[in-house]
Structures are given as C-alpha cells and as structure tokens.
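Accompanying notes for the structure given below.
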Amino acid sequence: MSKNSKVVEKESAVIKFVGDSGDGMQLTGSLFSDTAALFGNDLATFPDYPAEIRAPHNTIFGVSGFQVQIGSIKINSSGDFCDVLVAMNPASLKANLKWVKKNGIIIVDSDSFDKKALAKSGYEENPLENGSLDDYKVVKAPVSTIAKESLSGLSLSPKAALRSKNMVALGITGCLFNQDINSTYKFIEKKFKDKDTVIESNKKALAAGYDYARKNETFETTFFVPKADFPKGRYRNITGNVATAWGFLAAAERSGRELFLGSYPITPATEILIELAEHKSLGAKVFQAEDEIAGICSAIGASYTGALGITTTSGPGFSLKSEAIGLAVITELPLVIVNVQRAGPSTGMPTKSEQSDLMQALYGRNGECPVIVISASSPANCFYYAYEAAKLSIEHMTPAVLLTEGSLGNGSELFRIPSVEDLPEITPPIAKPNDPEYKPYARDPVTLARKWALPGTEGLRHRIGGLEKFNIEGNPTTDPLNHELMTKLREDKVKRVENYIPEQPIVGEDSGDLLVIGWGSTFGPINTAVKQLQSEGKKISHTHFHYIKPFPKNTGEILRNFKKILVCELNAGQLVKHLRIEHPEHQYLQYNKIQGLPFVVHELKEKFNEIL
Amino acid sequence: MSRIRVPLSEVKLTKEDFVSDQIVKWCPGCGGHAILKAVETAFPETGFRKENFAFISGIGCSSRFPYYINTYGIHGIHGRANSIASGVKIANTGLSVWITTGDGDSMAIGGNHFIHTIRRNIDVNILLFNNQIYGLTKGQYSPTTPKGQITRTSPYGTIEHPFNPAGLVMGAMGTFFARVLDSNVKMMTEVVRESAKHDGTAVVEILQNCIIFADKAFSYLTDKEQKDDFQIHLKHGEPMLFGKNNSKGIVLRDNRLQIIKVGENKQDDKNILIHDQYDTDPGIHRMLGFMRPPEMPRAFGVIRAARFDTYDHLMEDQIDNAKKRSAIKCVDDLLNSGETFEVN
C-alpha cells in the first residue's frame, strides 16, 4: 500500500479476474482464493470460461473469468457485482464492465489497450481516455511492462515473460487486499512442483506486482477482510467435483466396498474422473471407457460383483446412458450416476451451467423406470450428497442419480473437514454363503431391497438381466400380473426411501405470504435474497430441495402453509412441473432464468417483492 | 507367465455341476445346443471353482446363454456385454468371465466395445456365435453376412462388405483368436479350455448354423467332398498340413500364404510353416485368419495366443504400488492432505 493509504475493513468483497482464455485467469483466481482461505476468510468462487482452450486473442467470446467473494461473514455465493475487476485486455473489460459496482475499482493492464486490441474488442475509442469510466476508480497499471522488467534477469523470451503477467495482476490485487504474499508463494511452489523456472518467474512477477501497488500512489485506500468466524474445526478450500469424488471415496471406505468408476471425459464432469484416477492408494478402480455407454455398463458389471459402481457425466452423456440406467433399475443393483449439468439441448453451451436435466433424471427412460434423484446445492456439500447417493443406492439396491451443476463442480468454497467415522453407517445387504432362503428377487419386507449376492459366493449362483423377472424366483417371464407387481414393487421401493431421508427444512417461519422453492446451485442467491427481505419484515421463507425423488415426507405440509409459492430454477420450469404432478393441490408461480448464468440476488429480490 | 487368479475347485467337478434348471429355448437343430454342450464339458476341465464363473451377454439368440448354464451371470443390453464384462473382471479378477455374443451384438451395435475390450486385453473370454444373420429379429443381414446375400432387409442382395472377426481382432491388437465350427464339439471343447487358460481377451469365433434364417451357411466347409480341402486344423508346434491324408501344406512365398503339394519338392516340404500360436508378431496369424476357400482352406483351431500384459493385472499392480508408496492410506488422510487450516 502507498505511504498515505489507509486500510478500510470490509466484511465481504467480490473480486473478478478476467482476460483471454490463455491468460491464466483460472489459476490467478484460484491462487487469490487459496490465499484468502488459508488466512481464514470464508469464500465462494465461480469460474466462467469459454469452451475453446485458447480462443482468439482480444475477443469477447474468448473471455475467461474467475469470480470470488471473500468475507468475514458467511459467504454462500460468489456474489452479484464486483468491488474489484481485474481486466487483462480491452475485450474482457468490455464484457464485464456491467458487473462492476459503481465506484468499484477496475485494474487494467494499460499496455494491452493498443489500437489493434481496442478495435478487435469493438471499442471505437480508448475507454481509459474518453471519460467513460469516470464512475469507477481505474488503476492503469503497465502490467505487461512490469512482467517483462521483473523477469529480465531470467533470460526468458519476451513471450515467455509475458506469460507471467497474470501473476503481476495477482500481486497488485493481493496488495490491495493486504494478503500475505508468502502464502501465495507456497501455493505456487506446490502447483508447479519440479518446474523450478516456472516457480521462479511466477514468484518474481507476483512480487513485482505487489511492489508496484505498494509504491504507487494510486491506491488511496486498501482493504482488509478479517477472518471469518467459523465453527471450530479443520477447513480446506474444495471444488464441487473434487468434493463429489471424495464423497464417493468416503462411501466406499465406510461401506467396505471397492470403488469402481466407469466414465468418459465430458465437460464439466471430467474433474471427478481425474480426481478419482489419482487415488489408487485408496484402491479406487477407475476405468476410462471408450464411450459413455461403456462407462455406465462397466459400472453395472462392477456393481454386480459387489463394488460401489459409479458413472459420471453431463447432459449429452446422460442421454446415452439412459438404456443402461434401465438395466440397473430392473436388475436392482446399486449404481450412482452423476450428472454435472450444463446448458443444453445437445451440445448446448458446455461450459455454462443450467438445471435442465431434472426431467430427464426423473422420467427420461423407456418403461416405468424409477430411480432415486438427489442434488447438491454448494461445492462443499457435493461431498455429503455424493456420500448420500451411494448410501441410499447400496442400502436400497436401486440406482441413484446425483445432480450437480457446472457452477457447483468448478466452483469452490470452504469445507469443514469431517471425520469418516462420523459419517452415517452404510450397510450393504449382502447375501450370506449357502443361504438356503436366498432367491434373487426375494425382498427385505421393510425397504423392499433384494439381497446383493456376489459372484464367487458359495451356494448363490444366479442370473439377473434386462428381461422382466418373476418376483422372488428371478427367472425371466412375461406373466401379465407379475409384470404389474414388479413395476409397482420397483416404484414402491424408491418411494420408501422417504423413510430414510431427513425432513425438508425451511429457512424462516413455517407459514407466511410467500414460500420460495429452489434446488441445486441456486441456494446461495435465493437464501441471501430471502434473508434480506425477512430482515425488512416480509413474511417470506425459503425451502431448498436436495431430495427430489422421493420428496421428503413433510413436503406437503410445508407447501400448505403459504399464501403463494414461487419456484425459482435455472431452466424453463422442471421442478415446478414435478411439484405439480406430486402435489397438484397447490398453485405454483415460477421464476426461470435460462442464460447459462446463476441468479443474482437483486433480480430475485425484485421478483419476490413483485409477488409480495 | 500366467497370472490367472481364479481359485481352483476343491472337489472334482463334472458337466452336471453346470447344467441349469431352465428350459433351453433355442430352435431344435440350432448350433447353440452344441456350444452349450462344449462349454459344460470344458468347464470342469479348467479346474476353476464353479462359483467363480460369470457369464455376461447382450441381446440376441446367443445372449440367452447365461440362463442355460448354472453360473453367475448377467443378461445385459444390446451390444454392451463386453462393457459389462469389463467391469465384472476389473472389479473382481478372481472370476473367470465369459461373454456370449453374436455377429449383430458384437460386430454391429457393440462393435466399439468389442474392439476396445480386445485392445485393452482385459482377461475375458468372448464366445462369438457367428451365424451371419440376425436370428432373434428374424432374418435381417448382419455385418458378417456375405456380400450379395438376399435377406429380409436386402431383397436385392446386400451391398456391404462383411467383417471378418479375425481381422477386427488382429486390427485391435488382439492376443487370442480361435475359430471353430459348431459341428465339431471336440475341437470346440478344446478351444474353450485353451481360451480359459489364456491370460487376456480371448475371442473364439464359432461358425454357427442358423437353421431357420441362414441354414447351410457353412455347408461349403463341412461338405464331405470338399471339407478336407477347405479346412485346416491348426495345432501349435505342428506343420500346417491339410487335405486328404495331409497331402497339402502351407508355405510363405512371395509374401503370401500359398499351398504346395507335399512330397513333390523337397525344398518346398522343408518350407511348410510350423504353427506358432504364441508368436507375438501377428503377421502370419492375420494371414491365417483371412484365408478363404476356394483358393485357400479356412483356418480352424487356436490361430493366435500371444502373451501380453492384461489390463486387469496392470491395474492391480498400479494399485498395489500406490498403496505401498502413498502417504494417503485412508480417506481421513486424503481429507486432511494439502493446504488446510484449523479454527479453534
């Protein structure tokens, strides 16, 4: 900070790093977040990047962004508008200016605002000179020059030196927030282990940026976000995809089952596959299949032998898996299918988030084909819902779909590390050797789950398959009454899961003028908006569904006590349709956003107020 | 060295140990009956525990097989038997895994899984019932139907070049390929046994007669008049002889396999190829797999049985090594690894 600067304490701040897709914005944002997390801030991140790996320079569609909200208070979303925008070129400034708060700080690489770049990004005049940014505090930092100068001693080519300009920007931002640069060094060292030149150049550039900001008078004020008041415990920063992978590893360990993942790379789910492939020391068997169908079918085969079979994918892959999900339903085997949803239909917008596969998860198969459907609502709770999906699937011998979203999978937040022994027990219904009572489709009278008879076990040889089975005996049959009975048993088995899941919680009073319903990633913005209106005295409550099939038992009771019900979703209205089917006695209003973007708090508040 | 880890039976098993209580619903005269008999005969001879066999199938006449044999098994979905079986074997390497599939199931809808299973060399056995027709859907042409054949979906004759399963196996870096006729139960029994012993993906192409929709598709091979000239039975370590009284031999000349008459020329006799099923180079195996009458005899028996690492064992090795080396021994270690901080 400059000599005359004063430090202002803030309870939260939103920072967004934007640049070309090759500028390293994801890394920059992650390092900033990790440093804040290590210091003790609460946070939530949202990476927003194009599908192209290295899109053409200085174009609006090639802009890659990473937004983070840090706070000394509980942070449950990456925030709407930013306090600080760090823009590496004119295109990224142009694309993101609308997201900057009035009087917010914009840090730009002034070196990048040349005629060519301005023209390519559609600026007729240089916005740094024509007064169009007068409503903001603009810091024109020669980021590229600083990068080149700071690395002049390293005999790098100018091009290679320029690769570190994101670290200069990070240094400036770190200084603005009074971050401990030594923590950032440690993360860099870890990230680029064994690449000494990269570590050295990145650290030098980071320090140069930090120094520039400290010596420069431009920062009249700097910020300090104090530590958040967390419940006691050990914490780490975690993305939703990593949390999902770890939840499954925990479930495998707790259930005494081997983890088998059959999967095919697909954005934005691939990180789960990558993460599990890393953990051979925990016995995880990861099979990168030749396609989505082989992924799920191999998981079904593994599940037949007694492993926790998992397959991970996103919308298009989920479509390809439909037939095989039916096989798992009729063979009544445990199987977890993760759909990290993205904007569709077809290839749609692979890197943009959406909640538009709910109907597919609930109904998208041939035949009467019920599965358990649950969803996560934050990056960290992906851990618990992955665990829960595995537990329910194993104990009830039926497939479970876990819906997350691109924004959850790639987003991160702080995760209070649990101890595996504190997680709920998982009891696989494994058949005992030579059990004289064993029949492939004999059921537990309470859960209706059949027994899991593992190949290799003495006295239990049997066949299962995709043909309809005689109840109890398990031989193929087309007997009409048996088919009706089996169809109802499979449905009832899933329905009975409601006896094993928690009651639906409600945020606020359990009666009032408006009940806002959401599911998935929208928890943060809805919760924030509802709480703000509650503090203004409005009779509004929020309930967020994690268990969608079956719904928690008290769902009907909750819905009954509000004058109006509003269902908010990032799709054209899917949960609302399901509610209309399952609880048709109510009127449901709906609020939908289908832009590949999350809800922002102010638009939700506006909508709520309009209805109230 | 073989690393097959299927536990052995403590008691001596017989054919009856594998007979299922289900009524076999294949057409009378279908080649499937002979295949079932050969498998039931061969399995006790493998010495494996009866509970450690698993039969996996897709859809089609061949795929009803798991119901007709008393082992563990999954009757899967169309084309995906190889994928399901891959998961079974990788998850439990102690199982002897068998796939029954047909020319539609494995060459058409499941073609992708077929080649990738072979490429990975997962230790499973694929019994490919090749009857050159779609039976269960009643007589449409398949990827192995000879060009020009009239079927219900090719009323003017097919205009497609058929697959030769041997070509797919060799092209996909296959380690084991055998071919048998359903009418030769003795050879089929031997080949099933060899297949069980092979550590890696073993493909057994069974030329199976569909009595209803493609009857006599292979009668040119079995016809009394010409069968000696149109069949060669390969045996490892023995010269490639065939014809009446083994009067003909196969030599490599001008980069091709050619037929010579035995005893006409001493030098030629010396050049008769000795079958080496374990040769890692697939060159000769490929040529043998492609031989066709009338120019050449069709090759039967084990054509290739090369020894390469299997996917399932390599994965177990990686897991064993990681368990020894990694500091992360349990999920609690993982959760607390890397950058964490404590709030008191």
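As you go down the protein sequences, you meet chains A and B in turn.
According to our numbering, the residues represented by the first sequence are 207 to 818, in order.
According to our numbering, the residues represented by the second sequence are -12 to 331, in order.
Using N, Cα and C, we set each Cβ at its ideal position, and we do this for glycine too.
As the structure is a prediction and not an experimental result, all values here were calculated from the model.
1) Locate the alpha helix (DSSP H) running through Cys288(A), then write down its first and last residues.
2) When the Cα atoms are used, what is the spatial distance from Ser208(A) to Lys216(A)?
3) For the region 489 to 512 of chain A, which residues have a CB atom closer than 9 Å to at least one CB atom of chain B, in sequence order?
4) Could you give the distance in angstroms between the alpha-carbon of Leu455(A) and the alpha-carbon of Asn69(B)?
5) So with Cβ pairs under 8 Å, would you call Thr251(A) a contact of chain B?
6) Just the C-alpha distance for Asn760(A) and Val736(A), rounded to the nearest angstrom, thanks.
7) By the criterion of Cβ-Cβ separation under 8 Å, what are the contact partners of Glu464(A) in chain B?
8) Check for me: the beta strand (DSSP E) holding His220(B) runs from which residue to which?
9) Using the beta-carbon count (16 or more within 10 Å), is His62(B) buried or exposed?
10) Name the DSSP beta bridge partners of Gly277(A), please?
11) Count the other CB atoms within 10 Å of the CB of Ala325(A); is the residue buried (16 or more) or exposed (fewer)?
12) Can you name the residues that DSSP bridges to His748(A)?
13) Please report how far the alpha carbon of Ile22(B) lies from the alpha carbon of Tyr706(A), in whole angstroms.
14) If I'm right that Ile77(B) touches Leu155(B) with Cβ under 8 Å, what's the distance once you round it to whole angstroms?
15) With C-beta atoms as the reference, is Ala292(B) less than 8 Å away from Glu181(B)?
16) Rounded to a whole number of angstroms, what is the C-alpha to C-alpha distance between Ser747(A) and Gly724(A)?
17) Quick one: what does DSSP say Val807(A) is sitting in, helix, strand or coil?
18) For Glu331(A), list the residues DSSP reports as bridge partners.
19) With DSSP collapsed to three states, give me the class of Glu481(A).
20) If we count Cβ pairs, one from each stretch, closer than 8 Å, do we get three or more for the region 409 to 416 of chain A versus the region 345 to 360 of chain A?
21) Going by the beta-carbon positions, is the gap between Lys770(A) and Leu795(A) smaller than 8 Å?
22) Start and end of the beta strand (DSSP E) containing His62(B)?
23) Which residues in chain A sit within 8 Å of Ala328(B), going by Cβ to Cβ distance?
24) Given that Gly81(B) touches chain A, what residues does it touch there, using C-beta distances under 7 Å?
25) Ignoring anything shorter than 4 residues, give me the alpha helix (DSSP H) runs that lie fully in the region 201 to 288 of chain B, in order along the chain.
26) Return helix, strand or coil for Tyr647(A), following the three-state DSSP convention.
27) Kindly indicate if chain B contains any beta-carbon less than 8 Å away from that of Ser208(A).
28) Which of the three DSSP states is assigned to Tyr342(A) in this structure?
29) Once DSSP output is grouped into helix, strand and coil, what is the label at Asp307(B)?
30) Looking at the structure shown, is Asn117(B) part of a helix, part of a strand, or coil, going by DSSP?
31) With contact counted as at least three CB pairs below 8 Å, one residue from each stretch, are the region 186 to 202 of chain B and the region 108 to 119 of chain B in contact?
32) Provide the residue span of the alpha helix (DSSP H) that contains Ser520(A), from first to last.
33) Determine whether the Cβ of Val345(A) lies closer than 8 Å to any Cβ atom of chain B.
34) Could you tell me the distance, in whole angstroms, from the CA atom of Glu459(A) to the CA atom of Val318(B)?
35) If you draw a straight line from the C-alpha of Gly45(B) to the C-alpha of Leu673(A), how long is it?
36) Listing by chain order, which chain A residues have their CB less than 8 Å from the CB of Pro53(B)?
The answer reads as follows:
1) It is not in any alpha helix (DSSP H) - Cys288(A) instead sits in the beta strand (DSSP E) that spans Cys288 to Ala293.
2) A caution first: Ser208(A) carries a pLDDT of 46, below 50, which makes its placement in the model unreliable, though a value can still be read off. In a straight line, the C-alpha of Ser208(A) is about 19 Å away from that of Lys216(A).
3) Under the 9 Å Cβ criterion, the region 489 to 512 of chain A contributes Gly489, Ala490, Lys491, Val492, Phe493, Ala495, Glu496, Asp497, Ile499, Ala500, Gly501, Ile502, Cys503, Ser504, Ala505, Ile506, Gly507, Ala508, Ser509, Tyr510, Thr511 and Gly512.
4) Between the alpha carbons of Leu455(A) and Asn69(B) lies a gap of roughly 26 Å.
5) Taking Cβ atoms only, chain B never reaches closer than 8 Å to Thr251(A), which makes this a no.
6) Asn760(A) and Val736(A): Cα-Cα distance of roughly 21 Å.
7) In chain order: Ala78.
8) First-last of the beta strand (DSSP E) with His220(B): Gln218 to Leu221.
9) With a threshold of 16 other beta carbon atoms within 10 Å, His62(B) meets it and is buried.
10) As DSSP reads the structure, Gly277(A) sits in a beta bridge with Ser218(A) and Asp248(A).
11) Answer is exposed; the Cβ neighbour count stays below 16.
12) BP columns for His748(A) point to Val713(A) and Val722(A).
13) Rounded to whole angstroms, Ile22(B) to Tyr706(A) spans 48 Å at the Cα level.
14) With 8 Å as the limit, Ile77(B) and Leu155(B) do not qualify as a contact, their Cβ atoms being about 22 Å apart.
15) Between Ala292(B) and Glu181(B), the gap from beta carbon to beta carbon is short of 8 Å.
16) Take the alpha-carbon of Ser747(A) and the one of Gly724(A): they are about 11 Å apart.
17) In this structure, Val807(A) counts as helix in the three-state DSSP scheme.
18) According to DSSP, Glu331(A) bridges with nothing at all.
19) Glu481(A): helix per DSSP, three-state reduction.
20) Yes, they touch.
21) Their beta carbons are under 8 Å apart, which means Lys770(A) touches Leu795(A) by this criterion.
22) Looking at the DSSP string, the run of the beta strand (DSSP E) that includes His62(B) is Tyr59 to His62.
23) According to the sequence shown, residue 328(B) is Phe rather than Ala. Neighbours of Phe328(B) on chain A, chain order: Ala243, Leu244, Gly246, Arg440, Tyr441 and Arg442.
24) Among the residues of chain A, those whose CB is under 7 Å from the CB of Gly81(B) are Gly662, following chain order.
25) As far as the region 201 to 288 of chain B is concerned, its whole alpha helix (DSSP H) runs of at least 4 residues are 206 to 209, 214 to 217, 253 to 258 and 270 to 277.
26) If DSSP states are grouped into helix, strand and coil, Tyr647(A) belongs with the strands.
27) For Ser208(A), the pLDDT reaches just 46, beneath the cut-off of 50, and the residue's location in the model is therefore unreliable, leaving the point undetermined.
28) The answer is coil: DSSP assigns Tyr342(A) none of H, G, I, E or B.
29) Correct three-state label for Asp307(B): helix.
30) In this structure, Asn117(B) counts as strand in the three-state DSSP scheme.
31) At 8 Å Cβ cutoff, the stretches touch.
32) Where Ser520(A) is concerned, there is no enclosing alpha helix (DSSP H), given that its DSSP letter is neither H nor E.
33) No, because no Cβ of chain B sits closer than 8 Å to the Cβ of Val345(A).
34) Pairing Glu459(A) with Val318(B), the inter-Cα distance amounts to about 7 Å.
35) Going by the C-alpha atoms only, they are around 11 Å apart.
36) Those are Arg669 and Gly671, listed as they occur along chain A.
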